[in-house]
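Protein sequence lines correspond, in order, to chains A and B.
Be aware that the first sequence starts at 836, since it is given in this note's numbering, and climbs by one per residue.
Be aware that the second sequence starts at 836, since it is given in this note's numbering, and climbs by one per residue.
In this text, a Cβ means the ideal position worked out from N, Cα and C, and glycines have one as well.
Protein chains: 2
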Amino acid sequence: MRRSSAETKTVILAAARERFAADGYDKATIRAIAADARIDPAMVMRYFGNKEKLFAAAAEFDLELPELASELAGAGLVRHFLRKWEADEGLQVLLRTGVTNEAAAERMRTIFGGQVLPFVVRITGDPAGAPLRASLVASQLLGLALSRYILKFPPMVAASEEELVARLGPTIQRYLTG
Amino acid sequence: MRRSSAETKTVILAAARERFAADGYDKATIRAIAADARIDPAMVMRYFGNKEKLFAAAAEFDLELPELASELAGAGLVRHFLRKWEADEGLQVLLRTGVTNEAAAERMRTIFGGQVLPFVVRITGDPAGAPLRASLVASQLLGLALSRYILKFPPMVAASEEELVARLGPTIQRYLTG
DNA sequence: CCTTGATGCCAACAACCGTTGACAAAGGAG
DNA sequence: CTCCTTTGTCAACGGTTGTTGGCATCAAGG
């Protein structure tokens, strides 16, 4: 089959995101990604250079933290995070990979410092205590993703979005303002 | 060098725990573990059969959740968890590996159901709401380990044990009793 | 002493990985 | 039509992995 180069590039990227999100960096092989995209492994190299660059492209994403009123920030953050997780595979890629790959961990630190921390400063208006507050928020949200989507603890999987927002929202709120 | 078979077995196991904890399942190769133990890779196979069985032996551990008064359970749990993490590599092994290895994830679910959940029931005396409460507790503790020891968010690394207990203790307490 | 069993090392296997270069086919430009 | 760029396939490379079987080496029992 013959496609435009832009088309195949996005097809490869989509397959890569799925594989990296499901299997992590090492187990997501170029050959498997190429097979998913119904294409020769050599094409992946042609369009992305090497595996690391392909991963960098697949892990590219934006948290898109919304503007929220201070009093609703906790619940809003939890809801936004849950939906972001299911809509954009970038976060899944980073979490699955960041645990065994230092480059991905570094990227998560960058996202934390460049997006989460400013968000917390914006909400609380307290630059002094913000770093620790922000990392407490991040720890709870990442723990949520870990136990619900990766380790799949049954009660966490069974819980509805509303239930999780109701339980975790106040916690995040306290980390932000307390 | 010639040792007793029991000695070499424990030497191999110690090296395996370190490697699995630091690198995760895939990157911790039999050859690297054997090199750490100053031994031939073939010895690892002789004593443990194959890599999966070696991993199972390395990931064997007990959370040893203490008896705690209900009012102090939150702070006590955080402190116990932090110290356990640093003293026993078993937890590190499981977290580093459970993200990309389904067998390790299954093991974490077993520990959750067999140790954390009964602990929560014991503390709260409420079997009905316990599963969700227990997984909220687990999510916050795992998020703590993830952001502090694996992803190494700077504010989380810089925080002292006391500070973390003071911040996270009340959260856990609320998940348990609220 | 010799025998026997346990302990350890070495070389090699098959499978898989990322990566490369040469070659085929398709399609638009002249 | 011919030419040439783009798109795709194929086979192979060097390296690493888990795993295996054969061979050396040591210690103890007779």
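Find out if the Cβ-Cβ distance for the pair Gln-792 of chain A, Gln-975 of chain B is shorter than 7 Å.
Given a span of 836 to 1013 for chain A in the structure shown, any question on residue 792 of chain A remains unanswerable.
Should Arg-866 of chain A go down as buried or exposed, given a rule of 16 or more other Cβ atoms within 10 Å for buried?
exposed
Could you tell me whether any Cβ in chain B is nearer than 7 Å to the Cβ of Asp-861 of chain A?
yes
Any Cβ of chain A within less than 7 Å of the Cβ of Leu-981 of chain B?
yes
Which word fits Ser-995 of chain A, buried or exposed, when buried means at least 16 other C-beta atoms lie within 10 angstroms of its C-beta?
exposed
I'd like to know if Ala-934 of chain B contacts chain A, where contact means its C-beta is closer than 7 Å to some C-beta of that chain.
Reading off the sequence, residue 934 of chain B comes out as Val, not Ala. It does: the Cβ of Val-934 of chain B has a partner Cβ on chain A nearer than 7 Å.
Short-range partners of chain B found in the stretch 951 to 981 of chain A, where Cβ spacing is below 8 Å
Pro-966, Leu-967, Ala-969, Ser-970, Leu-971, Ala-973, Ser-974, Gln-975, Leu-976, Leu-977, Gly-978, Leu-979, Leu-981
Could you pull out every residue in the same chain whose Cβ sits closer than 7 Å to the Cβ of Leu-1011 of chain B, ignoring the five residues on either side in sequence?
Ala-908, Gly-909, Val-955, Ile-958, Thr-959, Arg-968, Val-972
Neighbouring residues, chain B, relative to Arg-873 of chain A (Cβ below 9 Å):
The premise fails here: Arg-873 of chain A is roughly 25 Å from chain B at the closest Cβ pair, so nothing lies under 9 Å.
List the residues of chain B whose Cβ lies closer than 7 Å to the Cβ of Met-943 of chain A, in chain order.
Leu-986
Indicate whether at least one CB of chain B lies closer than 7 Å to the CB of Arg-1002 of chain A.
yes
Tell me, please, whether the CB atom of Thr-1006 of chain B is closer than 7 Å to any CB atom in chain A?
yes
What are the complete beta strand (DSSP E) segments, minimum 3 residues, inside the stretch 928 to 976 of chain A?
none
Just to confirm my understanding: we take Pro-876 of chain A, look at its own chain, exclude 5 residues before and 5 after, and list those with CB closer than 6 Å. What are they?
Ile-865, Arg-866, Ala-869
Using a beta-carbon distance below 7 Å, is Arg-881 of chain B in contact with chain A?
no
Straight-line CA distance for Leu-977 of chain A to Ser-839 of chain B?
45 Å
Starting from the beta carbon of Leu-893 of chain B, find every residue of chain A whose beta carbon is closer than 8 Å, and list them in chain order.
The sequence as given places Ala at residue 893 of chain B; Leu does not occur at that position. What Ala-893 of chain B touches in chain A: nothing, since even the nearest Cβ is about 16 Å away.
Buried or exposed: where does Ala-965 of chain B fall if 16 or more other Cβ atoms within 10 Å of its Cβ makes it buried?
buried
Under 7 Å between C-beta atoms, does Arg-838 of chain A make it to chain B?
no
Nearest-angstrom Cα distance between Ala-850 of chain B and Gly-884 of chain B?
16 Å
Give the DSSP-derived three-state secondary structure of Arg-1002 of chain B in the structure shown.
helix
Nearest-angstrom beta carbon gap, Lys-862 of chain B and Asp-861 of chain A [assumed within contact, 8 Å]:
7 Å
Buried or exposed for Met-836 of chain A, going by 16 or more other Cβ atoms inside 10 Å?
exposed
Please classify Pro-876 of chain A: does DSSP put it in a helix, a strand, or coil?
helix
Taking beta-carbon pairs under 7 Å, can you tell me which members of the stretch 841 to 856 of chain B lie near chain A?
none
List the residues of chain B whose Cβ lies closer than 7 Å to the Cβ of Ala-994 of chain A, in chain order.
Leu-967
On the three-state DSSP scale, how would you describe Pro-901 of chain A?
coil
Where Ile-1007 of chain A and Thr-845 of chain B are concerned, what is the direct C-alpha to C-alpha distance, given to the nearest angstrom?
44 Å
Helix or strand or just coil, what does DSSP make of Glu-906 of chain A?
helix
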